[in-house]
Amino acid sequence: MSLELQINGNKIFAPLLGKELIMTPEEHVRQKYICRLVNHYEYTLEQMAQEVKLTGSKRGTGRASADIVIWRSKEDKLKKLNPIIVVECKADYITIKSEDYYQGQNYARFANAPFFVTTNEKETKVFKVNLAVTPKTLSDEILDIPNAKEANSNDKIQKLLEQTKAFERDEFSKLLFQCHNVIRNNDKLSPEAAFDEISKILFMKIRYERNPDEDNIFTLKQFEKQESNYEKNIRPVNVKRNGPKDDIPYMDYWFELTKDEFEEDELFDVNDKIRIKQGSFKEIVKKLQKYNLSTTSDDVKGIAFEQFLGGTFRGELGQFFTPRTVVDFIVEVLDPQEDEVMCDPCCGSGGFLIKAFEYVREKIENDIKLEKDKVNKTFDEIKTADQDEEKLNDISNEIIHKLGFETQIRKREEQEKAKKAGKYISRLEKLSSACIFGTDANPRMARTAKMNMIMHGDGHGGVHHRDGLLNINGIFENRFDVILTNPPFGARVEKSLLITKADQLTDEKRIAKYKQMYGEETYAKAMLQVDNNVDKPLLNTLHIGKNGMSGLTEVLFIERCIRLLKPGGRTGIVLPEGVLNTQNLAKVREYFESTAKIILITSIPQDVFMKSGATVKSSLVFLKKFTNEEAKQWKDYTAQATKTVKAKYKDELEEIKTKLALRGKDALDATTKKELRQQKKKIEAQIQEEIKAIVKEKFDYDIPIATVEKAGISSTGGVIDNELTDIQTEYTPYRIKNELWKELKPKFEYKWSSKTGKVERIKNDTETQLIEW
């Protein structure tokens, strides 16, 4: 018989205590996990206990009891032998970090329990307890705890203690490849098409498992049970009501529901269907049923999905994957901050956007962790009497719970409702919904980037299938603080490529939404880049293209990135080294030097991109768009230099002009005229060179240049030494000391009441927001 949660108003029944308790968020997490211990792991209530006091604890050293303790048997519990598992529950909805759970692990150590479980509203993690020393962080993360039967087998326990989380990532990744092979073998689809089908099944599974019940896993048994009900009760009614178009198998019906749920995410085309046999579908569902994708942690899902992507898209699509060592280096050098708006106009599978999202998310989580530590320290200091402790614990838990909202992301509709009402939006919600943008011209890659980001924990809403040179949504000029990209190399945009009506956004609902987000005037102005250029060459939207300087994609995207940046914004771009040194691109480089500063060039070995099929040697080029002051300074220097140099050659040019203007009997012969014109042209070229030399001398600045021989990845994709980390370590203090860009770190303070549990967030000393959902 299964154990169910029993909720009565604001109270929840605690079966281990045999009574109702106030249903705090933390209590809900605890009772839910107790149900899981009984239903999934088959432990009995008689071998568990909650709120087990820590003997000999001292006031001020943290909480004095463990949330849940499990013994190997009822008899072990009665004899007060060492337990096997200690569980700590929290009401937060965040990625579990070791620092938040050190008190619980210390209790597990004290109790000599080999397994320590941390669980909150987002995920559950299991750790092997290091019984020999008192660690400052948690020990190795492992795959799972033993079930009731395994708890009495030392061999099974030892095996579980050796299965680390890295093992689970590898297992999940291998499982995805196995599913891929099922389709390749049974349905004879290409690697890319097979990937599409697995993606459909993964999101069907995600949709099903979003149910808060942890045991609600998309299993083959559950699928067949629902399929039977569908065939008997739903399909006949649908066919009778809507005709043959609804006469579809259950897997297709389930996919249609999934498409509806993810409609706004544009993951699937409206005409997409399941393209594999039902036998293949069921085999894949069975293989995946050991994982609940709603409770599997983001790092496991994300890294496994990324490994699967890298192994699937080789050859032609390998260009869409930038090696992780390069991605990490570019993000860490640019050091994006909270509230900064970021973009990748050639996002491929989303690697840069995911890393940037995770990089800033970690900053937010660390900030909230420090604030929680302040709360715990303050409450430890104000506990003055035993009778106050329970009430103070409740208030401190409520404050910590509310602080945890800052690292949570609600469903889109809940966020939209809060925004419209002017209510609280969490820091992570803002990062996810307003700070991450990307485009890719390849529809499969744009879709894959969204999926990849969802697997890593969100931030996908600003990603679009779109030519990266065109404006869409919030992707337009002078809007971004940080741009990270690896544009396509070697291709050309021809004059014959026109902007068409299909490039114009016609969805009135989306247009209204974007106008509300960015301001009607700002958005309308941004869309003129498309609307005013229909049936005109795409090249005309860029200075370099319009003036015939180059049609190379890598060159066009440098200008696009600079245009997208705010004044003072920064970008890191992967570029072929030819852009930096070939003579035929000299004018292009001069143009870029007039709009942005080079803040770092790092040459990387050719091996780095060999696995993805690229053979061109590359450099990582970092630019900072001129601030308004720098742009004015460059303009003024140029005007002054132009005036000075032109004055120097004025008489000489006037003399040539006068001679060329002679007519009649004084007119010069054709040969002399030709020589004078050549002389004039030579002087004008000399003027331009002297102007450039003067401006460069006045606008002089250091350009850090580095070359690495090893960048963490070999020509076959193997892991090798990574000298990029040393470059980044040296560069960061250098750019801070030299103030290469202005850091815009928002300041957050939190005011909370030790009497009421009320929490307010104060941003930059001016914006005050009550934290409540």
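By the numbering used here, the letter at position 586 of the sequence shown is numbered 589, and the numbering carries on one by one without gaps.
A virtual CB, placed ideally from N, CA and C, is assigned to each residue, including glycine.
(message) Using the three-state DSSP reduction, which class does G571 fall into: helix, strand or coil?
(response) strand
(message) Between E557 and V533, how many whole angstroms is the CB-CB distance? I'm expecting something under 8 Å.
(response) Going by Cβ atoms, the distance from E557 to V533 rounds to 22 Å, so no, they are not a contact pair.
(message) Going by C-alpha to C-alpha distance, which of P117, I145, N535, K426 sits closest to E174?
(response) I145
(request) Grab me the residues of I457's own chain with a C-beta within less than 7 Å of its C-beta, minus the 5 sequence neighbours each way, in chain order. (result) H463
(request) Look at E341 and P749 and say whether their C-beta atoms are less than 7 Å apart. (result) yes
(message) Rounding to the nearest angstrom, what Cα-Cα distance links R62 and E392 in this structure?
(response) Residue confidence is low: R62 scores 38 on pLDDT, short of 50, so the model does not pin down where it sits. No coordinate-derived value is stated.
(request) Determine the direct distance from the alpha carbon of L567 to that of E742, and round the result to whole angstroms. (result) 22 Å
(message) With distance defined between alpha-carbon atoms, name the residue in L81, Q411, A52 nearest to S68.
(response) A52
(message) I'd like the ranges of any beta strand (DSSP E) spanning at least 3 consecutive residues and lying wholly in the region 576-659.
(response) 599-606, 621-628
(message) Using only the alpha-carbon positions, how far apart do G65 and N13 sit?
(response) Because the pLDDT of G65 is 44, which lies under 50, any placement of that residue in the model is unreliable, and the number read from its coordinates should be weighed accordingly. When rounded, the distance between both Cα atoms is 27 Å.
(message) Just to confirm before moving on: does the CB-CB distance between R172 and V303 stay below 7 Å?
(response) yes
(request) Look at the alpha carbon of D370 and the alpha carbon of I694, and state the distance between them as a whole number of angstroms. (result) 50 Å
(request) Can you have a look at L727 and say buried or exposed, based on whether 16 or more other CB atoms are within 10 angstroms of its CB? (result) buried
(request) Buried or exposed for Q108, please, with buried defined as at least 16 other CB atoms from any protein chain shown within 10 angstroms of its CB. (result) buried
(request) Determine the direct distance from the alpha carbon of A714 to that of A634, and round the result to whole angstroms. (result) 35 Å
(request) Kindly list the residues whose CB is nearer than 7 Å to the CB of G313, restricted to its own chain and excluding five residues on each side of it in sequence; keep chain order. (result) F324
(request) Assuming C438 contacts K290 (C-beta within less than 8 Å), just tell me the rounded distance between them. (result) Going by Cβ atoms, the distance from C438 to K290 rounds to 36 Å, so no, they are not a contact pair.
(message) Given this structure, state the Cα-to-Cα distance separating K93 from K699, to the nearest angstrom.
(response) 59 Å
(request) Tell whether a beta-carbon distance below 7 Å holds between Q292 and S176. (result) no
(message) Whole angstroms are fine: how far does the CA of N725 sit from the CA of K191?
(response) 39 Å
(request) Tell me M51's beta-bridge partners as DSSP assigns them. (result) I73
(message) Is the beta carbon of L223 closer than 7 Å to that of K285?
(response) yes
(request) Run the CB neighbour count on E7, radius 10 Å, all protein chains shown included, and call it buried at 16 or more, exposed below. (result) exposed
(message) Helix, strand or coil, according to DSSP, for W776 in the structure here?
(response) coil
(message) Relative to the C-alpha of N295, which candidate in F629, L205, I277, K453 has its C-alpha closest?
(response) L205
(request) Reducing DSSP to helix, strand and coil, say where G59 ends up. (result) Residue placement at G59 is poorly supported in this model, since its pLDDT is 43, which falls under 50; the coordinates are not used for a value here.
(message) Suppose you measure from the CA of K243 to the CA of A421; what does that come to, to the nearest Å?
(response) 41 Å
(request) Rank N133, Q586, T27, T122 by C-alpha distance to the C-alpha of A111 and give the top, closest one. (result) N133
(request) Determine, using beta-carbon pairs with one atom in the region 340-354 and one in the region 626-642, whether at least three such pairs fall under 8 Å. (result) no
(message) Is the beta carbon of V624 closer than 7 Å to that of I604?
(response) yes
(message) Tell me the DSSP secondary structure of F16 in three-state form.
(response) strand
(request) Kindly indicate if chain B contains any beta-carbon less than 7 Å away from that of C438. (result) Reference to chain B is not applicable here, since this structure consists of a single protein chain.
(message) With H, G and I counted as helix, E and B as strand and the rest as coil, what does DSSP make of R566?
(response) helix
(message) What residue range does the beta strand (DSSP E) around T710 cover?
(response) 708-710
(message) Please classify P239 as buried or exposed, where buried requires at least 16 neighbouring CB atoms within 10 angstroms.
(response) exposed
(request) Identify whether G715 lies in helix, strand or coil by the three-state DSSP scheme. (result) strand
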